[in-house]
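Chains as they are written, first to last, in the numbering used here: chain D, 1 to 233; chain L, 234 to 451. A short write-up of the structure that comes next.
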Amino acid sequence: MINKVVDNIEKALDGVEGNMTFMVGGFGLSGIPENAIDALSKKDIFGLTCISNNAGVDDFGLGLLLKRKQIKKMISSYVGENAEFERQMLSGELEVNLIPQGSLAERCRAGGAGIPAFFTPAGYGTEVAEGKEVREYNGKLHILESALTADFAFVKAWKGDTAGNLIFKGTARNFNPLMAMAGKITVAEVEELVEAGELDPNQIHTPGIFVQRIFQGEKYEKRIEQRTVRTKE
Amino acid sequence: MALDKNQIAQRIAQELKHNTYVNLGIGIPTLVANYIPRGIDIEFQSENGVLGMGPFPFEGEEDPDLINAGKQTITTLSGAVLFDSATSFAMIRGKHVQITVLGAMEVSENGDIANWKIPGKMVKGMGGAMDLVASADNIIVAMMHTNRQGESKILKKCTLPITGVNCVKKVVTNLAVLEITQNGFKLLERAPGVSVEDIKNSTAADLIIEGEIPEMKF
Chain D
1 MINKVVDNIE KALDGVEGNM TFMVGGFGLS GIPENAIDAL SKKDIFGLTC ISNNAGVDDF
61 GLGLLLKRKQ IKKMISSYVG ENAEFERQML SGELEVNLIP QGSLAERCRA GGAGIPAFFT
121 PAGYGTEVAE GKEVREYNGK LHILESALTA DFAFVKAWKG DTAGNLIFKG TARNFNPLMA
181 MAGKITVAEV EELVEAGELD PNQIHTPGIF VQRIFQGEKY EKRIEQRTVR TKE
Chain L
234 MALDKNQIAQ RIAQELKHNT YVNLGIGIPT LVANYIPRGI DIEFQSENGV LGMGPFPFEG
294 EEDPDLINAG KQTITTLSGA VLFDSATSFA MIRGKHVQIT VLGAMEVSEN GDIANWKIPG
354 KMVKGMGGAM DLVASADNII VAMMHTNRQG ESKILKKCTL PITGVNCVKK VVTNLAVLEI
414 TQNGFKLLER APGVSVEDIK NSTAADLIIE GEIPEMKF
């Protein structure tokens with residue numbers, strides 16, 4: 001067993017520098033690596049490129065890095081919940097590359113899977129297709145999308161073991177397993193870290209081979225973006 | 234009387250066939266789930282990674298690890314399954330999800346849809362919309378017939394940046410049900426009490442009108 005455990009968040013972030021490209025897991029605020037984001041927002045690193053489906057909210061998630069203007073470029077599919085983001089984007093301070101969500105997921109997966117590019121129908125005929133090769137398959141037009149990789153991928157799982165194997169919970173899985181594959185160094189934080197052998201190998205979502213460092217997060221706020229309930233009749 | 238948002242959703246629910254997988258977009262489409270006719274079994278997919286989505290949770294039972302693509306707290310039904318985003322869009326691009334219902338800012342007579350960007354004003358991103366409209370064979374748009382300025386959202390050609398080309402099959406608005414044919418918009422039904430003339434007056438695109446146009450039934 002190759003032990004992936006790092007003792008603390010500082011060791012987990014060893015080697016992060018300005019101008020690097022980071023992948024950050026999560027959908028909205030669900031399944032985001034809260035501890036890594038918090039620690040990154042306290043470091044004096046700037047000029048970052050962040051690949052993340054969303055950009056957090058003003059005071060949580062990637063919004064913390066945006067507030068300090070640590071991010072130079074965002075690659076995302078939807079960024080609607082963050083006023084500071086919109087301000088920086090419309091003023092030109094922040095470079096933004098918006099791409100279809102399925103293409104984003106597949107580009108991360110491809111990056112980790114050794115597939116440099118693929119054709120997808122998503123975005124054909126739209127702004128997204130500008131400058132991209134178009135090819136017809138089965139009578140339908142597709143555009144060429146390239147794989148994404150990152151210097152660091154920060155992901156969050158529910159449970160993990162010392163070998164870096166991960167199990168996610170609910171819809172907090174989302175982009176995390178794909179980004180875990182695509183990081184040169186993948187840092188996984190988990191709610192509960194157990195010894196190798198304690199997780200059922202049949203139930204593991206992300207094999208530890210994709211994870212270079214793992215630690216148990218100190219605390220999780222798990223903020224809910226849109227609390228929606230029904231009343232008992 | 235023009236329909237309200239719930240009635241638009243109710244009319245769209247009639248389009249859903251038994252034993253199908255359906256993706257509902259944010260806004261009016263989400264309401265469709267409330268009107269599934271008895272005896273029709275539907276599994277709802279949400280592109281952030283759940284199939285078999287159930288109603289909103291009761292107060293106090295919200296789980297931050299269980300949300301839909303609109304980031305709303307949800308529940309799952311028995312038989313539900315959770316998966317990552319790449320698997321989710323494999324279901325979508327691979328046409329395993331059979332029907333997509335989504336909102337729009339504009340629809341054109343050749344089935345183009347615009348719903349993700351107003352240049353210089355609203356730039357939130359396309360989310361999963363471009364993957365969804367490029368994939369499902371049956372795409373139904375739920376929207377108001379006109380925008381807040383009273384201008385038609387049913388156009389000859391979209392003016393806003395488009396989300397997908399040649400993909401919308403049907404549009405249900407507060408005034409009408411329209412089908413997109415080879416030759417453009419065909420008026421299928423009108424909202425109760427709304428005349429064909431009213432619909433023509435609110436529509437910038439040409440309408441194909443054949444015979445008596447029936448009122449929607451609920």
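For each residue, glycine too, the CB sits at the ideal point set by N, CA and C.
Do you know whose CA, among the options, lies nearest residue i's CA?
i        : options                                   : result
Glu221/D : Lys140/D, Leu29/D, Thr21/D and Asp44/D    : Leu29/D
Lys389/L : Val283/L, Gly417/L and Leu299/L           : Gly417/L
Thr231/D : Glu294/L, Ser428/L and Ile273/L           : Glu294/L
Phe119/D : Leu98/D, Arg109/D and Ser146/D            : Ser146/D
Asn3/D   : Gln216/D, Gln203/D and Gly164/D           : Gly164/D
Gly111/D : Ala150/D, Lys156/D and Gly25/D            : Ala150/D
Arg213/D : Leu193/D, Thr228/D and Asn202/D           : Leu193/D
Ala309/D : Phe27/D, Ile37/D and His205/D             : Past the edges of chain D, shown from 1 to 233, lies residue 309/D, and the structure says nothing about it.
Ile325/L : Ser91/D, Gln88/D, Leu64/D and Ser103/D    : Ser103/D
Pro262/L : Val374/L, Asp237/L, Glu276/L and Gln247/L : Val374/L
Lys403/L : Leu249/L, Glu445/L, Val330/L and Val314/L : Leu249/L
Glu271/L : Ala246/L, Leu284/L and Phe289/L           : Position check: residue 271/L holds Arg in this sequence, whereas Glu was assumed. Considering only alpha carbons, the answer is Ala246/L.
Asp274/L : Ile446/L, Val265/L and Asn252/L           : Asn252/L
Ser77/D  : Gly170/D, Ala122/D, Thr171/D and Gln203/D : Ala122/D
Ala172/D : Val410/L, Asp237/L, Ile241/L and Asp317/L : Asp317/L
Ala438/L : Leu264/L, Lys419/L, Val405/L and Ile351/L : Lys419/L
Ser435/L : Leu421/L, Ala409/L and Leu393/L           : Ala409/L
Phe168/D : Asn35/D, Met1/D and His205/D              : His205/D
Val24/D  : Phe175/D, Ile9/D and Gln203/D             : Phe175/D
Leu411/L : Asn301/L, Gly361/L, Lys433/L and Val255/L : Lys433/L
Gly397/L : Ala367/L, Thr406/L and Glu422/L           : Ala367/L
Asn19/D  : Ile9/D, Glu10/D, Gly139/D and Thr49/D     : Thr49/D
Tyr254/L : Gln243/L, Asn371/L and Ser341/L           : Asn371/L
Count the other CB atoms within 10 Å of the CB of residue i; is the residue buried (16 or more) or exposed (fewer)?
i        : result
Leu166/D : buried
Glu181/D : Sequence inspection shows Met at residue 181/D; the Glu mentioned does not correspond to that position. Result: buried.
Asn380/L : exposed
Met505/L : The requested residue 505/L is not part of the displayed model; chain L covers only 234 to 451.
Lys386/L : buried
Tyr137/D : exposed
Asn281/L : buried
Lys184/D : exposed
Phe291/L : exposed
Phe428/L : Checking the sequence shown, residue 428/L turns out to be Ser, not Phe. So Ser428/L ends up on the exposed side.
Ala129/D : buried
Ile413/L : buried
Asn82/D  : buried
Ala319/L : buried
Met363/L : buried
Lys156/D : buried
Met286/L : buried
Pro201/D : exposed
Pro90/D  : Reading off the sequence, residue 90/D comes out as Leu, not Pro. Classification of Leu90/D: exposed, given that the 10 Å Cβ count is below 16.
Lys304/L : buried
Arg87/D  : exposed
Phe289/L : buried
Val134/D : exposed
Ile442/L : exposed
With a threshold of 8 Å between beta carbons, is residue i in contact with chain A?
i        : result
Ser311/L : The question asks about chain A, but that chain is absent: this structure's protein chains are D and L.
For the stretch 93–107 of chain D, which residues have a CB atom closer than 9 Å to at least one CB atom of chain L, in sequence order? Val96, Leu98, Ile99, Pro100, Gln101, Gly102, Ser103, Leu104, Ala105 and Glu106
Could you pull out every unbroken beta strand (DSSP E) segment of at least 3 residues lying fully inside the stretch 376–418 of chain L, listed in chain order? 403–405 and 409–414
Taking the runs of the beta strand (DSSP E) that are 3 residues or longer, which of them lie wholly in the stretch 288–356 of chain L? 309–315, 332–335 and 339–341
Interfacial residues, the stretch 124–151 of chain D to chain L, with Cβ spacing under 7 Å: Tyr124, Gly125, Thr126, Glu127 and Val128
Using a Cβ cut-off of 9 Å, which residues of the stretch 260–290 of chain L contact any Cβ in chain D, in chain order? Ser279, Glu280, Asn281, Gly282, Val283, Pro288, Phe289 and Pro290
Cβ-based contacts, 8 Å cut-off: residues of the stretch 217–228 of chain D near chain L: Lys222, Arg223, Ile224, Glu225, Gln226, Arg227 and Thr228
With contact counted as at least three CB pairs below 8 Å, one residue from each stretch, are the stretch 214–228 of chain D and the stretch 296–308 of chain L in contact? yes
Is it the case that the stretch 299–317 of chain L contacts the stretch 340–347 of chain L, given that we only count it when at least three CB pairs across the two stretches are under 8 Å? no
Give, in chain order, every residue of the stretch 28–49 of chain D whose Cβ lies closer than 8 Å to some Cβ of chain L. Gly28, Leu29, Ser30 and Gly31
Jot down the residue ranges of each uninterrupted alpha helix (DSSP H) in the stretch 59–108 of chain D, minimum 4 residues, whole runs only, in chain order. 63–67 and 83–90
Please go through the stretch 12–47 of chain D and give each complete alpha helix (DSSP H) segment of 4 or more residues, from N-terminal end onward. 34–40
Quick one: which unbroken alpha helix (DSSP H) runs of 4-plus residues sit fully inside the stretch 236–281 of chain L? Chain order, please. 238–246 and 261–264
So, do the stretch 50–57 of chain D and the stretch 328–339 of chain L have three or more beta carbon pairs nearer to each other than 8 Å? no
Residues in the stretch 303–330 of chain L with C-beta within 9 Å of chain D's C-beta atoms, listed in sequence order? Gly303, Lys304, Gln305, Thr306, Ile307, Thr309, Leu315, Phe316, Asp317, Ser318, Ala319, Thr320, Ser321, Phe322, Ala323, Ile325 and Arg326
List in chain order: all unbroken alpha helix (DSSP H) runs of 4+ residues lying wholly within the stretch 140–165 of chain D. none
Mind checking the stretch 367–386 of chain L against chain D and listing, in chain order, the residues whose C-beta falls within less than 9 Å of any C-beta there? Ala367 and Ser368
Short-range partners of chain L found in the stretch 178–207 of chain D, where Cβ spacing is below 8 Å: Leu178 and His205
Cβ-based contacts, 9 Å cut-off: residues of the stretch 394–406 of chain L near chain D: Pro394, Ile395, Thr396, Gly397, Val398 and Asn399
Residues of the stretch 330–363 of chain L with Cβ closer than 7 Å to any Cβ of chain D, in chain order: Val356, Lys357, Gly358, Met359, Gly360, Gly361 and Met363
Residues of the stretch 409–423 of chain L with a CB closer than 7 Å to any CB of chain D: list them in chain order, please. none
Note down, in chain order, all residues in the stretch 72–96 of chain D with a beta-carbon under 9 Å from any beta-carbon belonging to chain L. Ser76, Ser77, Tyr78, Val79, Gly80, Glu81, Glu86, Met89, Leu90 and Val96
May I ask you to list, following chain order, the residues of the stretch 50–72 of chain D that have a beta carbon less than 8 Å from some beta carbon of chain L? Asn53
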